[in-house]
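All residue numbers for the sequence shown refer to our numbering, where the first residue is 139 and numbers rise by one.
All remarks here apply to the structure that follows.
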Amino acid sequence: MKKVMLLGGNYFQMTATKAAKELGFHVISVDYLPDNPAHKFADEYHNVSTIDREAILALARELCIDGIISYASDVSAPTAAYVAEKLGLPGNPLSAVEVLTHKDKMRKFMIEHGFLSPRGSSFSCYEDAYDFFNQIKKPVMVKPVDASGSKGVSKIYLDTEMRQAWEQAWKYTRCGRVVVEEFIEREGYQIAGDGFLVNGKLVFAGLMNEHFDCLCNPLVPIGESYPSILSEQLREKALAEIQRLLSLLGMKIGAINLDFIVDSCGDVFILEIGPRNGGNLITDALREAREIDLAKLTILAAVGEACVIPDNPLKENLISTYILHSLENGTFDHVNISDAIREDILLMDIWVKNGDPVNRFEHGGFGLGAALIKHPDLDTMCARMDHMERYIRVITK
(Lines of atoms letter the chains of each structure in order from A; the text may use other names.)
(Lines give C-alpha, C1' and ligand atoms only; values in the text may rest on other atoms or scores of the structure.)
Protein backbone atom coordinates (compact mmCIF):
# COMPACT_ATOMS: atom_id res chain seq x y z
CA MET A 139 0.00 0.00 0.00
CA LYS A 140 1.47 3.36 -1.05
CA LYS A 141 1.86 6.04 1.59
CA VAL A 142 0.85 9.62 0.84
CA MET A 143 1.50 12.53 3.20
CA LEU A 144 -1.07 15.35 3.19
CA LEU A 145 0.05 18.67 4.63
CA GLY A 146 -2.91 20.23 6.42
CA GLY A 147 -6.20 18.88 7.68
CA ASN A 148 -8.77 21.67 7.54
CA TYR A 149 -12.31 21.39 6.19
CA PHE A 150 -11.37 22.01 2.55
CA GLN A 151 -8.47 19.55 2.79
CA MET A 152 -10.84 16.72 3.73
CA THR A 153 -11.54 16.34 0.01
CA ALA A 154 -7.98 15.14 -0.59
CA THR A 155 -7.91 12.92 2.49
CA LYS A 156 -11.10 11.15 1.45
CA ALA A 157 -9.90 10.86 -2.16
CA ALA A 158 -6.65 9.21 -1.08
CA LYS A 159 -8.52 6.71 1.07
CA GLU A 160 -10.90 5.90 -1.80
CA LEU A 161 -7.85 5.17 -3.95
CA GLY A 162 -6.65 2.68 -1.36
CA PHE A 163 -3.60 4.61 -0.11
CA HIS A 164 -2.25 4.83 3.42
CA VAL A 165 -2.88 8.45 4.40
CA ILE A 166 -0.62 10.42 6.75
CA SER A 167 -2.17 13.72 7.85
CA VAL A 168 0.16 16.40 9.21
CA ASP A 169 -0.25 19.85 10.75
CA TYR A 170 -0.05 21.59 14.12
CA LEU A 171 -3.83 21.55 14.80
CA PRO A 172 -4.90 18.11 16.14
CA ASP A 173 -8.60 19.00 16.05
CA ASN A 174 -8.67 19.73 12.33
CA PRO A 175 -11.49 17.66 10.75
CA ALA A 176 -9.55 15.91 7.96
CA HIS A 177 -7.32 14.04 10.42
CA LYS A 178 -10.11 11.68 11.45
CA PHE A 179 -10.28 10.28 7.89
CA ALA A 180 -6.53 9.59 7.75
CA ASP A 181 -4.70 6.45 8.84
CA GLU A 182 -2.37 8.42 11.08
CA TYR A 183 -1.82 11.98 12.25
CA HIS A 184 1.39 13.78 13.23
CA ASN A 185 1.50 17.12 15.02
CA VAL A 186 4.17 18.98 13.03
CA SER A 187 4.04 22.47 11.53
CA THR A 188 3.66 22.25 7.76
CA ILE A 189 6.04 25.19 7.25
CA ASP A 190 8.87 23.46 9.13
CA ARG A 191 10.61 21.95 6.11
CA GLU A 192 13.28 20.03 7.98
CA ALA A 193 10.83 18.53 10.47
CA ILE A 194 8.50 17.44 7.67
CA LEU A 195 11.45 16.01 5.72
CA ALA A 196 12.62 14.02 8.74
CA LEU A 197 9.10 12.66 9.29
CA ALA A 198 8.73 11.78 5.60
CA ARG A 199 12.02 9.87 5.67
CA GLU A 200 11.05 8.05 8.84
CA LEU A 201 7.69 6.99 7.41
CA CYS A 202 9.06 6.10 3.93
CA ILE A 203 6.35 8.02 2.07
CA ASP A 204 5.64 7.61 -1.65
CA GLY A 205 4.21 11.09 -2.21
CA ILE A 206 3.57 14.43 -0.52
CA ILE A 207 0.86 17.01 -1.22
CA SER A 208 -0.07 20.50 -0.10
CA TYR A 209 -3.75 20.46 -0.99
CA ALA A 210 -5.59 23.81 -1.11
CA SER A 211 -2.76 25.57 0.71
CA ASP A 212 -0.07 27.92 -0.59
CA VAL A 213 1.51 28.09 2.85
CA SER A 214 2.78 24.52 2.85
CA ALA A 215 3.31 24.15 -0.92
CA PRO A 216 7.05 25.05 -0.71
CA THR A 217 7.47 22.44 2.03
CA ALA A 218 5.89 19.76 -0.17
CA ALA A 219 8.14 20.75 -3.10
CA TYR A 220 11.22 20.78 -0.85
CA VAL A 221 10.55 17.31 0.55
CA ALA A 222 9.72 15.89 -2.88
CA GLU A 223 13.02 17.21 -4.28
CA LYS A 224 15.05 15.89 -1.36
CA LEU A 225 13.48 12.41 -1.53
CA GLY A 226 13.25 12.15 -5.31
CA LEU A 227 9.44 12.02 -5.28
CA PRO A 228 7.16 13.31 -8.04
CA GLY A 229 6.56 17.05 -7.85
CA ASN A 230 7.37 20.46 -9.24
CA PRO A 231 10.63 22.42 -8.87
CA LEU A 232 10.97 24.15 -5.51
CA SER A 233 12.21 27.28 -7.31
CA ALA A 234 8.96 27.46 -9.33
CA VAL A 235 6.75 26.83 -6.31
CA GLU A 236 8.49 29.58 -4.34
CA VAL A 237 7.88 32.04 -7.18
CA LEU A 238 4.20 31.13 -7.36
CA THR A 239 3.64 31.40 -3.60
CA HIS A 240 5.22 34.86 -3.18
CA LYS A 241 3.38 37.68 -4.91
CA ASP A 242 6.44 39.88 -5.39
CA LYS A 243 8.56 37.08 -6.86
CA MET A 244 5.66 36.19 -9.17
CA ARG A 245 5.29 39.78 -10.41
CA LYS A 246 9.05 40.14 -10.95
CA PHE A 247 9.17 36.90 -12.94
CA MET A 248 6.19 37.92 -15.07
CA ILE A 249 7.60 41.35 -15.89
CA GLU A 250 10.98 39.86 -16.82
CA HIS A 251 9.23 37.55 -19.29
CA GLY A 252 6.90 40.07 -20.90
CA PHE A 253 3.59 39.31 -19.18
CA LEU A 254 1.13 42.11 -18.55
CA SER A 255 1.36 43.13 -14.92
CA PRO A 256 0.39 46.15 -12.81
CA ARG A 257 3.15 48.47 -11.73
CA GLY A 258 4.16 47.50 -8.21
CA SER A 259 6.87 46.50 -5.79
CA SER A 260 7.34 44.92 -2.36
CA PHE A 261 8.66 46.57 0.78
CA SER A 262 9.82 45.77 4.28
CA CYS A 263 9.84 49.43 5.33
CA TYR A 264 6.68 51.54 5.59
CA GLU A 265 8.39 54.79 4.59
CA ASP A 266 9.63 53.28 1.33
CA ALA A 267 6.18 51.84 0.61
CA TYR A 268 4.57 55.22 1.31
CA ASP A 269 6.94 57.00 -1.08
CA PHE A 270 6.15 54.44 -3.79
CA PHE A 271 2.40 54.82 -3.18
CA ASN A 272 2.71 58.50 -4.06
CA GLN A 273 4.46 57.70 -7.35
CA ILE A 274 1.85 55.39 -8.88
CA LYS A 275 -1.69 55.87 -10.10
CA LYS A 276 -4.64 55.28 -7.81
CA PRO A 277 -6.38 53.22 -6.57
CA VAL A 278 -3.66 50.98 -5.14
CA MET A 279 -3.69 47.44 -3.78
CA VAL A 280 -1.74 46.75 -0.58
CA LYS A 281 -1.28 43.10 0.45
CA PRO A 282 1.11 40.69 2.15
CA VAL A 283 3.33 38.82 -0.29
CA ASP A 284 2.71 35.39 1.22
CA ALA A 285 -0.77 35.23 2.74
CA SER A 286 -3.89 33.52 1.40
CA GLY A 287 -7.64 33.91 1.84
CA SER A 288 -7.44 37.65 1.02
CA LYS A 289 -5.99 38.26 4.49
CA GLY A 290 -4.57 41.75 4.93
CA VAL A 291 -5.62 42.97 1.46
CA SER A 292 -6.73 46.59 1.01
CA LYS A 293 -7.71 48.80 -1.91
CA ILE A 294 -6.94 52.44 -1.15
CA TYR A 295 -7.10 55.84 -2.85
CA LEU A 296 -5.59 58.33 -0.39
CA ASP A 297 -2.25 58.64 1.35
CA THR A 298 -4.13 58.97 4.64
CA GLU A 299 -5.30 55.36 4.17
CA MET A 300 -1.82 53.99 3.63
CA ARG A 301 -0.77 53.47 7.24
CA GLN A 302 -3.81 51.36 8.13
CA ALA A 303 -3.49 49.33 4.90
CA TRP A 304 0.19 48.71 5.63
CA GLU A 305 -0.50 47.57 9.19
CA GLN A 306 -3.21 45.18 8.00
CA ALA A 307 -0.90 43.62 5.41
CA TRP A 308 2.05 43.49 7.81
CA LYS A 309 -0.04 41.55 10.30
CA TYR A 310 -0.37 38.64 7.88
CA THR A 311 3.03 38.45 6.18
CA ARG A 312 5.30 35.70 7.46
CA CYS A 313 8.39 36.82 5.57
CA GLY A 314 8.08 40.53 6.35
CA ARG A 315 7.25 41.95 2.91
CA VAL A 316 4.23 43.87 1.65
CA VAL A 317 3.21 44.45 -1.97
CA VAL A 318 2.04 47.88 -3.16
CA GLU A 319 0.73 47.84 -6.73
CA GLU A 320 -1.64 49.62 -9.08
CA PHE A 321 -5.21 48.36 -9.30
CA ILE A 322 -6.35 47.01 -12.67
CA GLU A 323 -10.02 47.55 -13.51
CA ARG A 324 -11.55 44.36 -14.85
CA GLU A 325 -14.27 43.90 -17.44
CA GLY A 326 -16.82 41.34 -16.25
CA TYR A 327 -16.06 38.68 -13.69
CA GLN A 328 -12.71 37.84 -12.21
CA ILE A 329 -11.95 34.32 -13.40
CA ALA A 330 -10.87 31.57 -11.04
CA GLY A 331 -10.73 27.79 -11.15
CA ASP A 332 -8.45 24.77 -11.14
CA GLY A 333 -6.33 23.27 -13.86
CA PHE A 334 -4.19 20.17 -14.17
CA LEU A 335 -0.75 19.59 -15.68
CA VAL A 336 0.61 16.39 -17.20
CA ASN A 337 4.18 16.40 -18.52
CA GLY A 338 4.19 20.18 -18.39
CA LYS A 339 1.04 20.58 -20.46
CA LEU A 340 -2.15 22.13 -19.12
CA VAL A 341 -4.54 19.31 -20.06
CA PHE A 342 -7.56 20.59 -18.13
CA ALA A 343 -8.79 24.03 -17.08
CA GLY A 344 -12.06 24.36 -15.18
CA LEU A 345 -12.59 28.11 -15.45
CA MET A 346 -15.15 29.63 -13.08
CA ASN A 347 -16.67 33.05 -12.43
CA GLU A 348 -15.52 34.49 -9.10
CA HIS A 349 -18.10 36.27 -6.96
CA PHE A 350 -17.78 38.86 -4.20
CA ASP A 351 -20.17 40.31 -1.63
CA CYS A 352 -20.22 44.08 -2.01
CA LEU A 353 -22.35 44.35 1.14
CA CYS A 354 -19.35 43.11 3.08
CA ASN A 355 -15.81 43.11 1.69
CA PRO A 356 -15.69 43.32 -2.14
CA LEU A 357 -12.11 41.97 -2.16
CA VAL A 358 -12.86 38.59 -0.55
CA PRO A 359 -14.39 35.85 -2.75
CA ILE A 360 -17.63 34.32 -1.47
CA GLY A 361 -17.88 31.69 -4.18
CA GLU A 362 -17.16 30.49 -7.69
CA SER A 363 -19.56 29.35 -10.41
CA TYR A 364 -19.03 26.95 -13.30
CA PRO A 365 -18.92 27.34 -16.22
CA SER A 366 -17.29 30.70 -16.76
CA ILE A 367 -19.12 33.10 -19.06
CA LEU A 368 -15.80 34.12 -20.62
CA SER A 369 -15.82 34.03 -24.42
CA GLU A 370 -13.97 31.20 -26.13
CA GLN A 371 -11.56 33.69 -27.70
CA LEU A 372 -10.60 35.21 -24.35
CA ARG A 373 -10.46 31.77 -22.75
CA GLU A 374 -7.91 30.57 -25.30
CA LYS A 375 -5.93 33.79 -24.96
CA ALA A 376 -5.79 33.47 -21.17
CA LEU A 377 -4.89 29.78 -21.20
CA ALA A 378 -2.09 30.39 -23.69
CA GLU A 379 -0.54 32.95 -21.33
CA ILE A 380 -0.99 30.64 -18.34
CA GLN A 381 0.65 27.77 -20.24
CA ARG A 382 3.54 30.04 -21.25
CA LEU A 383 4.11 31.04 -17.64
CA LEU A 384 3.98 27.46 -16.37
CA SER A 385 6.40 26.31 -19.06
CA LEU A 386 8.88 29.09 -18.27
CA LEU A 387 8.76 28.12 -14.61
CA GLY A 388 9.32 24.44 -15.40
CA MET A 389 6.08 23.26 -13.79
CA LYS A 390 5.46 19.63 -14.73
CA ILE A 391 2.67 17.83 -12.92
CA GLY A 392 -0.38 18.20 -10.76
CA ALA A 393 -3.07 20.74 -9.96
CA ILE A 394 -2.92 24.51 -10.22
CA ASN A 395 -5.32 27.10 -8.87
CA LEU A 396 -5.64 30.21 -10.99
CA ASP A 397 -7.00 33.75 -10.90
CA PHE A 398 -6.97 36.26 -13.74
CA ILE A 399 -8.89 39.22 -15.07
CA VAL A 400 -9.54 40.71 -18.50
CA ASP A 401 -9.67 44.49 -18.89
CA SER A 402 -11.82 46.56 -21.22
CA CYS A 403 -9.20 46.25 -23.99
CA GLY A 404 -9.32 42.46 -23.86
CA ASP A 405 -5.90 42.23 -22.22
CA VAL A 406 -5.33 39.35 -19.81
CA PHE A 407 -3.73 39.98 -16.42
CA ILE A 408 -2.75 36.88 -14.46
CA LEU A 409 -3.30 37.69 -10.79
CA GLU A 410 -2.16 34.46 -9.17
CA ILE A 411 -1.37 30.84 -9.98
CA GLY A 412 -1.24 28.59 -6.95
CA PRO A 413 0.78 25.35 -7.23
CA ARG A 414 -2.05 23.34 -5.66
CA ASN A 415 -5.79 22.65 -5.84
CA GLY A 416 -8.11 25.49 -4.90
CA GLY A 417 -9.96 25.83 -1.63
CA ASN A 418 -13.60 26.86 -1.27
CA LEU A 419 -14.73 23.43 -2.59
CA ILE A 420 -13.58 24.32 -6.11
CA THR A 421 -12.39 20.78 -6.82
CA ASP A 422 -15.65 19.40 -5.42
CA ALA A 423 -17.68 21.73 -7.64
CA LEU A 424 -15.77 20.68 -10.75
CA ARG A 425 -16.33 17.02 -9.88
CA GLU A 426 -20.08 17.67 -9.73
CA ALA A 427 -20.01 19.72 -12.91
CA ARG A 428 -17.70 17.61 -15.07
CA GLU A 429 -17.14 14.26 -13.30
CA ILE A 430 -13.43 15.03 -13.32
CA ASP A 431 -11.98 14.28 -9.89
CA LEU A 432 -8.96 16.57 -9.58
CA ALA A 433 -8.39 15.51 -5.97
CA LYS A 434 -7.83 11.89 -7.00
CA LEU A 435 -5.68 12.98 -9.94
CA THR A 436 -3.57 15.07 -7.56
CA ILE A 437 -3.02 12.05 -5.32
CA LEU A 438 -2.11 9.82 -8.28
CA ALA A 439 0.33 12.40 -9.62
CA ALA A 440 2.04 12.71 -6.23
CA VAL A 441 2.88 8.99 -6.14
CA GLY A 442 3.89 8.77 -9.80
CA GLU A 443 0.85 6.99 -11.19
CA ALA A 444 -0.76 7.77 -14.56
CA CYS A 445 -3.25 10.63 -14.72
CA VAL A 446 -5.87 10.45 -17.47
CA ILE A 447 -8.20 13.37 -18.28
CA PRO A 448 -11.20 12.58 -20.52
CA ASP A 449 -11.14 14.45 -23.83
CA ASN A 450 -14.81 15.31 -23.51
CA PRO A 451 -16.81 15.90 -20.33
CA LEU A 452 -19.03 13.06 -19.23
CA LYS A 453 -21.49 15.76 -18.19
CA GLU A 454 -21.51 19.51 -17.76
CA ASN A 455 -23.71 20.77 -14.95
CA LEU A 456 -23.96 24.31 -13.63
CA ILE A 457 -22.49 24.28 -10.13
CA SER A 458 -21.32 26.96 -7.73
CA THR A 459 -19.50 27.03 -4.45
CA TYR A 460 -20.60 29.40 -1.70
CA ILE A 461 -18.95 30.43 1.56
CA LEU A 462 -21.42 31.22 4.32
CA HIS A 463 -20.46 34.46 6.04
CA SER A 464 -21.74 37.21 8.27
CA LEU A 465 -22.21 40.82 7.24
CA GLU A 466 -21.55 41.97 10.80
CA ASN A 467 -19.84 41.07 14.04
CA GLY A 468 -22.13 39.34 16.47
CA THR A 469 -23.37 36.00 17.76
CA PHE A 470 -24.48 33.27 15.38
CA ASP A 471 -28.17 32.46 15.51
CA HIS A 472 -29.14 30.58 12.32
CA VAL A 473 -29.04 30.56 8.51
CA ASN A 474 -32.06 31.70 6.50
CA ILE A 475 -32.47 29.64 3.32
CA SER A 476 -34.98 30.70 0.68
CA ASP A 477 -37.38 28.10 -0.69
CA ALA A 478 -36.36 29.35 -4.15
CA ILE A 479 -32.95 27.72 -3.75
CA ARG A 480 -33.38 25.10 -1.04
CA GLU A 481 -33.86 22.11 -3.36
CA ASP A 482 -30.80 23.09 -5.41
CA ILE A 483 -28.38 22.88 -2.49
CA LEU A 484 -26.25 19.77 -2.95
CA LEU A 485 -24.16 20.26 0.17
CA MET A 486 -24.17 22.65 3.10
CA ASP A 487 -21.88 22.39 6.09
CA ILE A 488 -22.08 24.97 8.86
CA TRP A 489 -19.00 25.23 11.07
CA VAL A 490 -20.50 27.25 13.90
CA LYS A 491 -23.34 26.62 16.32
CA ASN A 492 -25.97 28.79 17.95
CA GLY A 493 -24.35 31.26 20.33
CA ASP A 494 -20.86 31.19 18.80
CA PRO A 495 -19.23 34.60 18.18
CA VAL A 496 -18.83 35.49 14.49
CA ASN A 497 -16.91 38.17 12.63
CA ARG A 498 -17.82 40.31 9.67
CA PHE A 499 -16.37 38.63 6.57
CA GLU A 500 -13.18 40.65 6.25
CA HIS A 501 -11.11 37.71 4.97
CA GLY A 502 -11.46 34.02 4.15
CA GLY A 503 -10.60 32.94 7.67
CA PHE A 504 -13.96 34.32 8.86
CA GLY A 505 -16.04 31.90 6.76
CA LEU A 506 -18.80 30.15 8.70
CA GLY A 507 -19.59 27.26 6.38
CA ALA A 508 -19.57 26.09 2.78
CA ALA A 509 -22.10 24.95 0.21
CA LEU A 510 -22.38 23.47 -3.27
CA ILE A 511 -25.37 24.63 -5.29
CA LYS A 512 -26.71 23.50 -8.67
CA HIS A 513 -28.47 25.88 -11.06
CA PRO A 514 -30.92 25.43 -13.95
CA ASP A 515 -29.22 27.84 -16.38
CA LEU A 516 -26.35 30.29 -16.70
CA ASP A 517 -28.39 33.47 -16.18
CA THR A 518 -30.00 32.11 -13.03
CA MET A 519 -26.63 30.98 -11.67
CA CYS A 520 -25.00 34.37 -12.13
CA ALA A 521 -28.02 36.27 -10.81
CA ARG A 522 -28.13 34.11 -7.69
CA MET A 523 -24.42 34.32 -7.01
CA ASP A 524 -24.32 38.08 -7.51
CA HIS A 525 -27.03 38.52 -4.87
CA MET A 526 -26.83 35.39 -2.74
CA GLU A 527 -27.89 37.36 0.34
CA ARG A 528 -31.43 37.13 -1.10
CA TYR A 529 -31.28 33.32 -0.90
CA ILE A 530 -28.87 32.41 1.92
CA ARG A 531 -28.33 34.75 4.84
CA VAL A 532 -26.48 34.30 8.12
CA ILE A 533 -28.56 35.75 10.95
CA THR A 534 -26.80 37.06 14.05
CA LYS A 535 -28.06 38.36 17.36
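For each residue, glycine too, the CB sits at the ideal point set by N, CA and C.
Return the CA-CA distance between residue i and residue j, expressed in angstroms with no decimal places.
i: ILE294; j: PHE271; result: 10 Å
i: VAL400; j: LEU462; result: 27 Å
i: MET279; j: MET139; result: 48 Å
i: GLY505; j: ALA376; result: 30 Å
i: PHE247; j: PHE253; result: 9 Å
i: VAL358; j: LEU144; result: 26 Å
i: MET308; j: LYS241; result: Here residue 308 is Trp; the residue named in the question, Met, does not match the sequence. If you take the alpha carbons of TRP308 and LYS241, they lie about 14 Å apart.
i: SER363; j: MET526; result: 12 Å
i: PHE284; j: ALA303; result: One detail in the question is off: residue 284 reads as Asp in this sequence, not Phe. If I take the Cα positions, the gap works out to 16 Å.
i: ALA478; j: TYR529; result: 7 Å
i: CYS445; j: VAL336; result: 7 Å
i: LEU484; j: ILE420; result: 14 Å
i: GLY417; j: GLU192; result: 26 Å
i: GLU160; j: LYS491; result: 30 Å
i: PRO93; j: ALA393; result: This structure cannot speak to residue 93, because the chain is shown only from 139 to 535.
i: SER476; j: TRP489; result: 20 Å
i: PRO448; j: ILE274; result: 46 Å
i: ASP269; j: THR155; result: 47 Å
i: ASP482; j: LYS512; result: 5 Å
i: GLU500; j: SER458; result: 21 Å
i: ASP266; j: PRO175; result: 42 Å
i: VAL237; j: LEU225; result: 21 Å
i: PHE342; j: PHE334; result: 5 Å
i: VAL316; j: SER262; result: 6 Å
i: ASN347; j: GLU410; result: 15 Å
i: HIS184; j: GLY404; result: 48 Å
i: ALA423; j: TYR149; result: 15 Å
i: SER288; j: GLY502; result: 6 Å
i: TYR209; j: GLN151; result: 6 Å
i: GLU374; j: GLU223; result: 33 Å
i: TYR264; j: LEU386; result: 33 Å
i: VAL355; j: SER260; result: Note on residue identity: the sequence assigns Asn, not Val, to residue 355. Rounded to whole angstroms, ASN355 to SER260 spans 24 Å at the Cα level.
i: MET523; j: HIS349; result: 7 Å
i: GLY493; j: LYS535; result: 9 Å
i: GLY314; j: PRO514; result: 46 Å
i: SER167; j: SER402; result: 45 Å
i: VAL406; j: PRO256; result: 11 Å
i: ARG312; j: TYR220; result: 18 Å
i: ARG480; j: ARG199; result: 48 Å
In or out: residue i buried (at least 16 other Cβ within 10 Å) or exposed?
i: ASP517; result: exposed
i: GLY290; result: buried
i: VAL142; result: buried
i: LEU510; result: buried
i: ALA521; result: exposed
i: LYS281; result: buried
i: PRO216; result: buried
i: LEU353; result: exposed
i: LEU456; result: buried
i: ALA196; result: exposed
i: ARG245; result: buried
i: SER464; result: buried
i: PRO413; result: buried
i: LEU171; result: exposed
i: GLY258; result: buried
i: ASN415; result: buried
i: ILE533; result: exposed
If you compare alpha carbons, which of the options is closest to residue i?
i: GLU443; options: ILE367, ASN174, THR459 and ILE391; result: ILE391
i: PHE163; options: LYS491, ALA440, PRO231 and LEU419; result: ALA440
i: ARG428; options: LYS453, TYR460 and ILE408; result: LYS453
i: LEU396; options: SER187, ALA176 and ASP212; result: ASP212
i: ASP431; options: ALA157, ILE189 and GLN151; result: ALA157
i: GLU426; options: GLY344, ASP351, GLN151 and LEU197; result: GLY344
i: GLY388; options: ILE408, PHE179 and VAL235; result: VAL235
i: VAL496; options: VAL318, HIS472 and THR188; result: HIS472
i: SER214; options: SER286, ASP351, ASP173 and PRO256; result: SER286
i: ASP173; options: GLY147, ASN450, ARG312 and PHE407; result: GLY147
i: ALA508; options: MET519, TYR460 and ARG498; result: TYR460
i: THR188; options: PHE179, ALA180 and ASP169; result: ASP169
Checklist entry - Residue ranges of each alpha helix (DSSP H) run of no fewer than 4 residues wholly in the region 464-527, ordered along the chain? => result Fully enclosed alpha helix (DSSP H) runs of 4 or longer: 477-480 and 516-524.
Item to check | Contact between the region 375-384 and the region 436-456 (3+ Cβ pairs under 8 Å) | outcome: Segments in contact, no.
Checklist entry - Per the contact definition of three or more C-beta pairs closer than 8 Å, is the region 325-343 in contact with the region 298-305? => result Output reads no: the region 325-343 does not touch the region 298-305.
Checklist entry - Are the region 199-217 and the region 366-375 in contact at 8 Å, needing three or more beta carbon pairs? => result Touching, no, given that fewer than three Cβ pairs across the two stretches are closer than 8 Å.
Next on the checklist: Could you check whether the region 466-473 touches the region 318-325, counting it as contact only if at least three pairs of C-beta atoms, one from each stretch, sit closer than 8 Å?
Outcome noted: These segments do not touch.
Next on the checklist: In chain order, what are the residue ranges of uninterrupted beta strand (DSSP E) at least 3 long that sit wholly in the region 198-227?
Outcome noted: The DSSP assignment places 205-207 as complete runs of the beta strand (DSSP E) inside the region 198-227, in order along the chain (cut-off: 3 residues).
Checklist entry - Per the contact definition of three or more C-beta pairs closer than 8 Å, is the region 220-229 in contact with the region 250-264? => result Touching, no, given that fewer than three Cβ pairs across the two stretches are closer than 8 Å.
Checklist entry - What are the start and end residues of each continuous beta strand (DSSP E) run of 3 or more residues lying completely inside the region 156-200, in chain order? => result Correct list: 164-169 and 182-185.
Checklist entry - What are the uninterrupted segments assigned as beta strand (DSSP E) that are 3 or more residues long and contained completely in the region 245-296, given in chain order? => result Qualifying beta strand (DSSP E) stretches, in chain order: 258-261, 278-282 and 292-294.
Item to check | Runs of alpha helix (DSSP H) lying entirely within the region 373-450, each at least 4 residues, in chain order | outcome: For the region 373-450, whole alpha helix (DSSP H) runs of length 4 or above, ordered along the chain, are 420-428 and 432-440.
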